[in-house]
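In UniProt numbering, the protein residues as written are 1 to 259.
Following this line, the structure appears as structure tokens:
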């Protein structure tokens with residue numbers, strides 16, 4: 001039974017407008033919940049066809065060995081000749097009648113030190129990397145090793161994601177957000193994104209992270225640079241939409257988090 005989404009994606013609405021209500025569904029023993037990221041459905045083949053919901057439902061309906069479901073989906077994606085446009089994440093949760101087992105406490109590489117450290121790191125992602133995968137989870141995992149940043153994971157993910165997307169789409173690929181003025185424009189925008197990313201031969205994105213101690217605790221500085229033509233930041237800030245436009249929300253959210 002498919003569960004229809006009743007909320008917009010995280011990060012689209014402001015804090016005041018965000019609807020945090022949840023829906024409750026009863027589970028019986030043997031019931032299974034299958035979760036996936038949209039990277040599964042958006043995987044495309046050499047003919048620019050999407051794997052889509054229909055092919056996924058076919059795999060689900062023909063599955064006879066529950067423990068092989070995820071493997072069968074991955075095989076279907078491979079047979080489809082799929083090229084992932086985004087992360088491909090799959091998760092299955094089963095309702096079983098087994099005693100709870102205590103999980104070991106999470107450990108971190110900083111051995112529990114609570115004082116802010118003093119370090120910096122720089123990563124350069126070039127064309128061949130940008131075409132194939134999203135490097136942000138690796139950078140985010142590095143940041144979450146710092147005690148003071150662990151409870152800021154959602155904000156860090158949002159800020160890094162928006163800065164990286166802007167660097168990739170507008171800097172490296174040269175896309176224009178103004179295309180996203182309606183549904184047809186959205187489709188054209190992401191069609192151009194896929195085409196340009198697939199043909200990308202040059203360009204880079206550099207992510208620099210600096211963590212340093214200050215009197216009040218610690219300071220995190222993030223820098224995301226790209227090989228594009230650049231822009232006037234003050235001019236861009238003045239042009240960030242404040243109403244119901246379908247584009248420009250990402251930078252507005254970043255500015256709100258900064259403040």
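Using N, Cα and C, we set each Cβ at its ideal position, and we do this for glycine too.
| The alpha helix (DSSP H) spanning residue 27 covers which residue range? | It is not in any alpha helix (DSSP H) - residue 27 carries neither H nor E in the DSSP assignment.
| task | Indicate the three-state DSSP secondary structure (helix, strand or coil) for residue 131 in the structure shown. | result | It is helical.
| message | The beta strand (DSSP E) that contains residue 121, what's its start and end? | response | 119-126 is the extent of the beta strand (DSSP E) around residue 121.
| message | So within the segment 27-75, which uninterrupted alpha helix (DSSP H) runs reach at least 4 residues, ignoring any that extend past its ends? | response | Entirely contained in the segment 27-75, the alpha helix (DSSP H) runs reaching 4 residues are, in chain order, 38-41, 52-62.
| Stretch-stretch touch, CB-based, cutoff 8 Å, three pairs: the segment 157-174 with the segment 134-142 | Yes, they touch.
| message | Using 8 Å for Cβ pairs, my map puts residue 70 next to residue 90. What's the rounded Cβ distance? | response | Rounded, the Cβ-Cβ distance is 5 Å, consistent with contact.
| said: Does the contact criterion of 3 or more C-beta pairs under 8 Å hold for the segment 217-225 versus the segment 192-201? | reply: Between the segment 217-225 and the segment 192-201 there are fewer than three inter-stretch CB-CB distances shorter than 8 Å, so the stretches are not counted as touching.
| said: Rounded to whole angstroms, what is the Cα-Cα separation between residue 150 and residue 47? | reply: The alpha-carbon atoms of residue 150 and residue 47 are separated by roughly 42 Å.
| query | Buried or exposed: where does residue 98 fall if 16 or more other Cβ atoms within 10 Å of its Cβ makes it buried? | reply | It is exposed - the Cβ of residue 98 has fewer than 16 other Cβ atoms within 10 Å.
| said: Can you give me the C-alpha to C-alpha distance between residue 211 and residue 127, rounded to a whole angstrom? | reply: One C-alpha to the other measures close to 27 Å.
| said: Out of 29, 92, 79, 202, which one is the CA nearest neighbour of residue 66? | reply: Of the listed residues, the one whose Cα sits closest to residue 66 is 92.
| message | If the criterion is Cβ atoms closer than 8 Å, does the pair residue 160 and residue 139 meet it? | response | Less than 8 Å divides the Cβ of residue 160 from the Cβ of residue 139.
| request: Measure the C-alpha to C-alpha separation of residue 185 and residue 124 and round it to an integer number of angstroms. | output: Their backbone Cα atoms lie some 31 Å apart in a straight line.
| query | Alpha carbon to alpha carbon, how far is residue 141 from residue 158? | reply | Cα atoms of residue 141 and residue 158: separation of roughly 14 Å, rounded to the nearest angstrom.
| request: Pick out whichever of 204, 182, 44 has its Cα sitting closest to the Cα of residue 79. | output: Measuring C-alpha to C-alpha distances from residue 79 to each of 204, 182, 44 identifies 44 as the nearest.
| query | Sorted by chain position, which residues of the same chain lie with C-beta nearer than 6 Å to residue 20's C-beta, five sequence neighbours on each side aside? | reply | Closer than 6 Å at the Cβ level, and outside the excluded window around residue 20, lies no residue.
| residue 122 burial status per 10 Å Cβ neighbour count (16 or more: buried) | Result: exposed.
| message | Using the Cβ count rule (16 or more neighbours within 10 Å means buried), how would you classify residue 30? | response | Residue 30 comes out exposed.
| Among the residues of its own chain, which have a CB less than 8 Å from the CB of residue 38, if the five just before and after it don't count? | Taken in chain order, the residues that qualify are 86.
| message | Once DSSP output is grouped into helix, strand and coil, what is the label at residue 203? | response | Residue 203 falls in the coil class under three-state DSSP.
| How far does the alpha helix (DSSP H) with residue 150 in it reach, from first residue to last? | Run containing residue 150: none; DSSP gives neither H nor E here.
| said: Rounding to the nearest angstrom, what Cα-Cα distance links residue 120 and residue 176 in this structure? | reply: Spanning the two alpha carbons is a distance of roughly 32 Å.
| message | I need the DSSP call for residue 156, collapsed to helix, strand or coil. | response | When secondary structure is reduced to three states using DSSP, residue 156 falls in the helix class.
| field | Boundaries of the alpha helix (DSSP H) in which residue 8 is found, first to last residue | value | That residue, residue 8, is in no alpha helix (DSSP H); it is neither H nor E in DSSP.
| request: Starting from the C-beta of residue 200, find all residues in its chain whose C-beta is less than 8 Å away, skip the five residues before and the five after it, and write them out in chain order. | output: Here residue 200 has 127, 130, 131, 172, 173 as same chain residues with Cβ atoms under 8 Å from its own Cβ, once five neighbours each way along the sequence are excluded.
| request: Could you check the C-alpha separation between residue 9 and residue 1 for me, to the nearest Å? | output: Rounded to the nearest angstrom, the two C-alpha atoms are 21 Å apart.
| task | Let me know the secondary structure DSSP gives residue 173 once reduced to three states. | result | Per DSSP, reduced to three states, the secondary structure at residue 173 is coil, with no helix or strand assignment.
| query | Leaving out the 5 sequence neighbours to the left and right, which residues in its chain are closer than 7 Å to residue 144 when beta-carbon positions are compared? | reply | Closer than 7 Å at Cβ, skipping near neighbours: 150, 153.
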